[in-house]
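**Student:** One structure, pasted below without further comment.
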Amino acid sequence: MNNENEVLIYAPISGNIVQLEEVPDPTFSQKMMGDGIAIEPTDGKVVAPFDGEVVQIFPTKHAIGLVSDSGIEVLIHIGLETVALKGEGFETHVRQGDKVKAGEPLVTFDLEFIKEKAKSLVTPIVITNGDQFEGLEKTEEKDVVALDSVLLGTTVKGQKDSKNSDQMKTPTSGMQYSQEALDIVAAVGGVDNINAATHCVTRLRFALEDESKVNEEALEEMHLVKGSFSANGQYQIVIGQGTVDKVYKAMVNETGIQEATKEDVKAAGGKNQNPIQRAIKVLADIFIPILPAIVTAGLLMGINNILANPGIFGRESPALIETYPQWAGIADMINIIANTAFTFLPALIGWSAVKRFGGHELLGVVLGLILVHPDLMNAWGYGSALTEGDIPTWDLFGFEVEKVGYQGQVLPVLFASWVLAKIEIFLRKRVIDSLQLLVVAPVALLITGFLAFIIIGPITFTLGNWITDGLVAIFDTVPIIGGLVYGALYAPLVITGMHHTFLAVDLQLLGSTETTFLWPIVALSNIAQGAAVFAMMLAAKDENLKGLAGTSGISAWLGITEPAMFGVNLRYRYPFFAAIIGTAIAGAFITLQNVKANSIGVGGIPAPLSIVASDWISFLIGMAIVIVVPFIVTYLIAKRTLD
C-alpha cells in the first residue's frame with residue numbers, strides 16, 4: 001500500500017454483494033450503526049477479514065465484533081432477526097479477547113437451516129467507528145470470495161485520530177454509561193413507562209406502556225444513539241455493538257429495571273398490539289413464506305397467457321399456439337407448472353398456517369391435500385353443479401355431506417389448520433412418547449378432516465363467497481370510487497403491514513372468480529413508488545441519496561417497494577404522497593375500465609404478464625399515469641427543496 005494509514009477489509013464470507021441501503025432492516029439500511037456493505041452468503045463459513053482482535057461475540061452466536069490492528073471496528077451480523085434462533089445452527093470458533101489473523105475461522109453456520117428459519121440470510125458488514133476514518137470505498141464486484149476479495153477500503157484520518165481510536169477500544173469497567181442510561185430512560189418516558197427492557201447485539205429493546213411519551217428529539221440529540229424506531233410492539237434504540245450491553249447494564253443498575261429476555265419483551269410488546277394488529281401479523285406470518293411460490297406461478301402463467309390467449313398481438317389476432325401449433329405442447333407444459341401452486345394452494349397455506357399455529361407443518365400439507373383430493377368435486381365447478389342439482393354427497397348415518405373440494409380457497413384451510421394445530425398440541429401434551437406416532441397425527445387429522453368437510457368447509461366457503469361477492473358488487477357499482485380509494489390507501493397499508501390481509505383477499509378472488517381486480521392496483525402502486533424515487537435520484541445533488549434512490553427505484557419496479565418507501569419516499573414525505581396521488585388516479589382509471597389479473601405476479605414493470613390480455617391497453621395507460629404523475633410532482637418539488 002502506498003499510504004501507510006490505508007485500511008483494507010477483505011470479504012469475511014463468500015457470496016453475492018447487497019448494498020447496505022437495500023438490506024430489509026432500518027437499523028442497517030438507514031446506516032444507524034454506520035456505513036458498510038452486505039453479503040448474501042453462498043456458504044456457511046465466516047473468517048476474519050483482517051488481523052485484529054475479537055471484541056464481542058453475542059451469546060446467540062449470530063453476530064461478532066472485531067477491531068483491526070489499525071483501529072477500525074467491524075460488526076458482522078449473520079442474517080436478519082437471527083437472534084431469535086438462540087444460537088441454534090451457529091458454532092463459534094473463537095472467544096472474546098482472542099487475537100485473530102486474516103482468514104482464521106470465526107463462525108460457521110448451517111446455511112439451509114438459517115435460510116429456512118430466519119427472516120433473511122443477508123449479512124451486513126458495518127464499520128461502527130467510521131467517523132474516525134475517511135470516506136469508505138466499496139467493492140464493485142457482484143460476487144466475492146472470502147479473503148480473496150477486497151470488500152471495503154478506507155484511510156485513517158490521522159495518527160492522532162488513530163491513537164484516540166486505540167484508547168477508545170480499551171475495555172472499561174464499572175458503570176461507564178450511567179448518565180447516558182438515565183437520559184435514555186427519561187427520553188422513553190421514565191421507568192414507569194417501561195414494561196420490559198432487553199438488548200440484542202446492536203440495540204436496546206423496550207416494551208413501553210405508552211409510546212407517545214417517547215421524546216424522539218431528545219434521543220436524536222444523544223451522541224450515543226444512532227437511531228430509533230418502533231416495530232412489532234417494541235421501541236428499539238440503536239446504540240452499537242460492544243456499547244449496548246454496557247448501557248443496558250448501567251440502566252439496570254441505575255434504575256432498578258429488572259433484566260428481561262427477548263421473549264419477555266416480545267410478549268410484553270405484543271400486548272401493545274390491538275386484536276386487528278395481531279390478526280394482521282398472523283396473516284403476514286402465514287402468507288409471506290408462500291409468496292415466492294405464488295409470484296413465481298403468476299409469472300409463469302403470464303408467459304402461458306402470451307402463448308395461449310387470443311388478442312395478445314391485436315384485438316382480432318388468434319392465440320400464438322393457433323398460428324404456430326408446434327408451441328402448443330410447450331404452452332400446455334408451462335400451464336401445468338404454473339397452475340400447480342394455485343391448484344394445490346390449500347396445501348401451501350396448510351403447511352405455513354399449521355407451522356404458525358404451533359403444529360407440525362407436514363400435517364398441514366396433508367390437510368391441504370385432503371381438501372383438494374381428486375375424488376372430490378372440483379370447487380370451480382360447484383356453481384354449475386349447484387344449479388343443476390348434481391352435487392355428490394356422503395351419507396353419514398342419514399346426514400348428507402357435500403363431497404366438494406376447496407381448490408383455490410383460502411378461508412377453509414386457514415380455519416382447519418388452526419383446529420388441526422390445536423388438536424395436535426392438546427394430544428401431544430397428553431399422549432405418552434411411545435404412542436405419539438400412532439395416536440397424535442392420525443387422531444388429529446381424522447377429527448380435523450371430518451370437521452373440515454362437515455362444518456368448517458361449508459361455512460367458510462360461503463363466507464368467502466360473500467366477501468368476494470361484496471367486493472365485486474362495490475367495484476361494479478362505483479368502480480371509480482373503489483379504485484380511487486384502494487389506490488390511495490394501499491401504500492399507507494404497507495407501512496402498517498395491513499397490506500398482507502389483501503393477499504388473502506386476492507387469492508380468494510382468484511379462487512372464486514378466476515380473476516382479481518385488486519392486484520393490478522397493487523402493481524401500479526409499486527411502479528408509482530419507483531417513479532417517485534427515480535425523480536429524487538434525478539433531482540438530488542447528494543451522491544449517497546442518488547445511489548440509494550437509484551437502487552431502491554429499480555427494486556420498486558421489480559415489485560419490492562420497502563427500500564424506496566422507507567429509505568427515501570417516507571423520509572422526504574412529498575415523494576410518498578406524489579406516488580399515492582398517481583396510484584389513486586390510475587386505480588380509478590383501470591377499475592373504470594374493468595382491468596383484471598388472472599394471477600398474482602411480479603408487482604412492477606413485469607406486471608402486464610399477469611393481466612388479462614384484453615385489458616393490456618388500459619393497464620398500460622394506468623402504468624403511464626403512475627410513472628408520469630409521481631415523477632413530475634416529485635421532481636418539481638425536489639428541485640425547490642433539495643437545492
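Just so you know, we're using full-length UniProt numbering here: the sequence shown kicks off at 1 and counts up by one.
Glycine included, C-beta positions come from ideal geometry on N, C-alpha and C.
Use the C-beta contact count for residue 394: other C-beta atoms within 10 angstroms, 16 or more gives buried, fewer gives exposed.
**Tutor:** Here the question's residue 394 lines up with position 394 in the sequence shown. So residue 394 ends up on the exposed side.
**Student:** Return the residue from the list 453, 607, 604, 634 that minimises the CA-CA distance to residue 539.
**Tutor:** Here residue 539 is taken as the residue at index 539 of the sequence shown, counted from 1. It is 634 whose Cα lies nearest to the Cα of residue 539.
**Student:** Tell me residue 99's beta-bridge partners as DSSP assigns them.
**Tutor:** Here residue 99 refers to the residue found at position 99 when the sequence shown is read from its first residue. Paired residues: 53.
**Student:** Who pairs with residue 123 in a beta bridge, going by DSSP?
**Tutor:** Working through the sequence shown from its first residue, we reach residue 123 at position 123. According to DSSP, residue 123 bridges with 39.
**Student:** Going by Cα to Cα distance, which pick from 557, 529, 571 is closest to residue 579?
**Tutor:** Position 579 of the sequence shown holds residue 579. Looking at the Cα atoms, 529 is the closest of the given residues.
**Student:** Using 8 Å as the Cβ pair cut-off and three pairs as the minimum, do the stretch 54-63 and the stretch 76-93 touch?
**Tutor:** yes
**Student:** Is there contact here, the stretch 131-142 with the stretch 103-111, by at least three beta-carbon pairs under 8 Å?
**Tutor:** no
**Student:** Does DSSP put residue 371 in a helix, a strand or coil?
**Tutor:** Start at 1 with the first residue of the sequence shown, and residue 371 comes out as number 371. If DSSP states are grouped into helix, strand and coil, residue 371 belongs with coil.
**Student:** Once you ignore the five residues that flank residue 551 on each side, which residues in its own chain have a CB closer than 8 Å to its CB?
**Tutor:** As a position in the sequence shown, residue 551 is number 551, starting the count at 1. Answer for residue 551: 19, 21, 22, 563, listed in chain order.
**Student:** Would residue 129 and residue 36 qualify as a contact pair, given that the criterion is a beta-carbon distance under 9 Å?
**Tutor:** Taking the first residue of the sequence shown as 1, we reach residue 129 at position 129. Taking the first residue of the sequence shown as 1, we reach residue 36 at position 36. Taking 9 Å as the Cβ cut-off, residue 129 and residue 36 do not qualify as a contacting pair.
**Student:** So residue 591 and residue 480 are in contact, right, with Cβ under 8 Å, and what is the actual spacing, rounded?
**Tutor:** The count along the sequence shown starts at 1 and reaches residue 591 at position 591. The count along the sequence shown starts at 1 and reaches residue 480 at position 480. Sure, about 7 Å apart at Cβ, within 8 Å.
**Student:** Beta-carbon within less than 6 Å of residue 519's beta-carbon, same chain only, minus the 5 sequence neighbours each way: which residues are those?
**Tutor:** The sequence position of residue 519 within the sequence shown is 519, counting from 1. Around residue 519: 506, 597, 600.
**Student:** So is residue 373 buried or exposed if we call it buried at 16+ other beta carbons inside 10 Å?
**Tutor:** To locate residue 373, count along the sequence shown from 1; it is residue 373. Result: exposed.
**Student:** Can you name the start and end residues of the beta strand (DSSP E) that residue 10 belongs to?
**Tutor:** Taking the first residue of the sequence shown as position 1, residue 10 is located at position 10. Here the beta strand (DSSP E) through residue 10 covers 6-10.
**Student:** Buried or exposed: which applies to residue 159, given that a residue is buried once 16 or more other Cβ atoms fall within 10 Å of its Cβ?
**Tutor:** Numbered from 1 along the sequence shown, position 159 holds the residue referred to as residue 159. Residue placement at residue 159 is flagged as unreliable, the pLDDT there being 42, under the threshold of 50; the coordinate-derived value follows with that caveat. The residue is exposed, with fewer than 16 neighbouring Cβ atoms inside 10 Å.
**Student:** According to DSSP, is residue 73 part of a helix, a strand, or is it coil?
**Tutor:** As a position in the sequence shown, residue 73 is number 73, starting the count at 1. Residue 73 falls in the strand class under three-state DSSP.
**Student:** Pop quiz: residue 535 and residue 450 are said to be a contact at Cβ under 8 Å. What is the actual Cβ separation, rounded to whole angstroms?
**Tutor:** Start at 1 with the first residue of the sequence shown, and residue 535 comes out as number 535. Start at 1 with the first residue of the sequence shown, and residue 450 comes out as number 450. No, residue 535 and residue 450 are not in contact; Cβ-Cβ is about 58 Å, not under 8 Å.
**Student:** How big is the Cα-Cα spacing for residue 292 and residue 482?
**Tutor:** Counting from one through the sequence shown, the residue named residue 292 turns up at place 292. Counting from one through the sequence shown, the residue named residue 482 turns up at place 482. One C-alpha to the other measures close to 28 Å.
**Student:** Taking the alpha-carbon positions, what's the residue 366 to residue 347 distance?
**Tutor:** For the purposes of this step, residue 366 is taken as residue 366 along the sequence shown, with counting starting at 1. For the purposes of this step, residue 347 is taken as residue 347 along the sequence shown, with counting starting at 1. Roughly 7 Å between the two C-alpha positions.
**Student:** Beta-carbon within less than 6 Å of residue 523's beta-carbon, same chain only, minus the 5 sequence neighbours each way: which residues are those?
**Tutor:** On the sequence shown, residue 523 is found 523 positions in, with the first residue counted as 1. Taken in chain order, the residues that qualify are 603, 607.
**Student:** Report the residue ranges of all beta strand (DSSP E) runs contained in full by the stretch 431-503; include only those spanning at least 3 residues, in chain order.
**Tutor:** none
**Student:** From this set, 124, 638, 454, which residue's C-alpha is nearest residue 572's C-alpha?
**Tutor:** To locate residue 572, count along the sequence shown from 1; it is residue 572. With distances taken between Cα atoms, residue 572 lies closest to 638.
**Student:** Under 8 Å by Cβ, that's how I've got residue 508 and residue 410 pegged, so tell me the actual separation to the nearest angstrom.
**Tutor:** Walking along the sequence shown from the start, residue 508 turns up at place 508. Walking along the sequence shown from the start, residue 410 turns up at place 410. About 5 Å; that satisfies the 8 Å criterion.
**Student:** Which same chain residues end up closer than 6 Å to residue 478 when comparing Cβ atoms and leaving out the 5 residues on each side of it in sequence?
**Tutor:** Position 478 of the sequence shown, counted from the start, is the residue given in the question as residue 478. No residues qualify anywhere along the chain.
**Student:** DSSP three-state label for residue 511, please.
**Tutor:** The residue you call residue 511 lines up with position 511 of the sequence shown. Helix, per DSSP.
**Student:** Could you check where the alpha helix (DSSP H) with residue 639 kicks off and where it finishes?
**Tutor:** The count along the sequence shown starts at 1 and reaches residue 639 at position 639. Where residue 639 is concerned, the enclosing alpha helix (DSSP H) starts and stops at 616-641.
**Student:** Straight-line CA distance for residue 289 to residue 352?
**Tutor:** For this step, residue 289 is matched to residue 289 along the sequence shown. For this step, residue 352 is matched to residue 352 along the sequence shown. The alpha-carbon atoms of residue 289 and residue 352 are separated by roughly 7 Å.
**Student:** I believe residue 245 touches residue 199 by the beta-carbon criterion, under 8 Å. Please report the beta-carbon distance rounded to the nearest angstrom.
**Tutor:** Numbered from 1 along the sequence shown, position 245 holds the residue referred to as residue 245. Numbered from 1 along the sequence shown, position 199 holds the residue referred to as residue 199. Right, their Cβ atoms sit about 6 Å apart.
**Student:** Could you have a look at residue 150 and say whether DSSP puts it in helix, strand or coil?
**Tutor:** Start at 1 with the first residue of the sequence shown, and residue 150 comes out as number 150. Looking at residue 150 - three-state DSSP - the assignment turns out to be strand.
**Student:** Unbroken alpha helix (DSSP H) runs of length 4 or more, entirely within the UniProt domain "PTS EIIB type-1" (178-261): which are they?
**Tutor:** 178-187, 216-221, 244-255
**Student:** At what residues does the alpha helix (DSSP H) containing residue 352 begin and finish?
**Tutor:** Residue numbering aside, residue 352 sits at position 352 when the sequence shown is read from its first letter. Per DSSP, residue 352 belongs to the alpha helix (DSSP H) from 345-356.
**Student:** For residue 204, which option in 186, 214, 217, 237 has the closest C-alpha, if you only look at C-alpha atoms?
**Tutor:** Counted from its first residue, the sequence shown places residue 204 at position 204. It is 237.
**Student:** When burial is assigned at 16 or more other CB atoms within 10 Å of the CB, is residue 330 buried or exposed?
**Tutor:** Here residue 330 refers to the residue found at position 330 when the sequence shown is read from its first residue. The residue in question, residue 330, is exposed, as its Cβ has fewer than 16 Cβ neighbours within 10 Å.
**Student:** Taking a contact to mean a Cβ-Cβ separation below 9 Å, would you say residue 300 touches residue 334 in this structure?
**Tutor:** Numbered from its first residue, the sequence shown carries residue 300 at position 300. Numbered from its first residue, the sequence shown carries residue 334 at position 334. Taking 9 Å as the Cβ cut-off, residue 300 and residue 334 qualify as a contacting pair.
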